[in-house]
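Below: the structure, in structure tokens.
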Amino acid sequence: SHAQCVETLSDLEGSLQSPFYPFNYTNNLLCTWLIQVPDEYILQLRFTKIETECSQDFVYVFDGSDSAAQLMGRYCDTPSEMVLVSTANLLYVVFTSDTAITKRGFYANYTAL
């Protein structure tokens, strides 16, 4: 089931991670996280590391409430920490995996600024 894979986060700080992290994620995932804090804040999102299979498995970050918002980036296998900052109070994160290779995935935390 993909039920574990849709999450809305509204605390002023929190974390998100691929399913089963730090163990390997599973195949055929479509996971989404909406981070929504009060209007007066923006969001800083910090990925400690991303380990995904670069031909098919990606983490997408959108600067808004859904995948129609501005795409900030599509990531896989980042060698080190990465920080993104939103323009407003919303971020939308999507993680997809295909039918083949799986890896550890990702862990990220966020803080409202």
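Residue 933 is where the sequence shown starts when you use the working numbering, and the numbers rise one by one after that.
Glycine is no exception: its CB is placed at the ideal position from the N, C-alpha and C atoms.
Bounding residues of the beta strand (DSSP E) (the contiguous stretch that carries residue i)
i	result
residue 955	First-last for residue 955: undefined, no H or E at that position.
residue 947	945 to 949
residue 1037	1037 to 1044
residue 974	Unbroken run through residue 974: none, as it is neither H nor E.
residue 996	Residue 996 -> no beta strand (DSSP E), and no H or E assigned at all.
Environment of residue i [buried if 16+ CB atoms lie within 10 Å]
i	result
residue 983	buried
residue 1025	buried
residue 1037	buried
residue 1034	buried
residue 975	buried
residue 952	exposed
residue 944	exposed
residue 987	exposed
residue 989	buried
residue 927	This structure cannot speak to residue 927, because the chain is shown only from 933 to 1045.
Per-residue DSSP class, three states only, for residue i
i	result
residue 937	helix
Contact test: residue i Cβ vs the ligand ZN heavy atom, cutoff 7 Å
i	result
residue 1002	As for the ligand ZN, it is missing from this structure, which has no ligand bound.
Bridge partners - residue i, DSSP secondary structure assignment
i	result
residue 964	938 and 1026
residue 982	1010 and 1038
Next item on the list: Give a yes or no on contact between the stretch 1004 to 1024 and the stretch 953 to 961, applying the rule of three or more CB pairs nearer than 8 Å.
Entry: Contact between the stretch 1004 to 1024 and the stretch 953 to 961 is absent, because fewer than three Cβ pairs lie under 8 Å.
Check: Is it a yes or a no for the stretch 960 to 973 touching the stretch 940 to 951, going by three-plus beta-carbon pairs under 8 Å?
Finding: The stretch 960 to 973 is in contact with the stretch 940 to 951.
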